[in-house]
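**Student:** Using the working numbering, the first residue of the sequence shown is number 13, and each one after it goes up by one.
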Amino acid sequence: MAHNHKRDSIGAPDDELERWRRAAEDALQQLDWAIGYLHGIGKDHEARALAANRRVIRQRLLEQDAEPLPVEEAEPAVSAE
13 MAHNHKRDSI GAPDDELERW RRAAEDALQQ LDWAIGYLHG IGKDHEARAL AANRRVIRQR
73 LLEQDAEPLP VEEAEPAVSA E
């Protein structure tokens with residue numbers, strides 16, 4: 013008996029694409045939390061490694077701009093006096 017591997021779609025393909033996009037953004041938010049936590053407890057090397065992975069995911073898969081590292085966000089601007 014042959015099986016049809018084509019999945020029946022409940023909604024439009026755009027709906028499925030939107031669900032995948034939301035799931036990816038939710039996962040990135042969890043990754044952001046982990047990066048912030050690691051940075052907060054002084055594990056900067058590990059936080060930077062995860063942030064580099066996040067940057068690649070955002071740029072290559074989601075085609076979005078990279079976000080700054082937690083250290084870059086927390087450091088005040090240095091004025092040239």
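Beta carbons: idealized from backbone N, C-alpha and C, even for Gly.
Could you tell me how far apart the beta carbons of L62 and L73 are, in whole angstroms, since I believe they sit closer than 8 Å?
**Tutor:** Not really, about 16 Å apart at Cβ, beyond 8 Å.
**Student:** Check for me: the alpha helix (DSSP H) holding Q41 runs from which residue to which?
**Tutor:** Where Q41 is concerned, the enclosing alpha helix (DSSP H) stretches over P25 to G52.
**Student:** Please state if the CB of I47 and the CB of A59 are separated by a distance shorter than 7 Å.
**Tutor:** In this structure, I47 lies closer than 7 Å to A59 by Cβ.
**Student:** Please classify R66 as buried or exposed, where buried requires at least 16 other C-beta atoms within 10 Å of its C-beta.
**Tutor:** Buried, since its Cβ has 16 or more Cβ neighbours within 10 Å.
**Student:** Can you tell me which of the three DSSP states L62 falls into?
**Tutor:** Here L62 sits in helix by DSSP.
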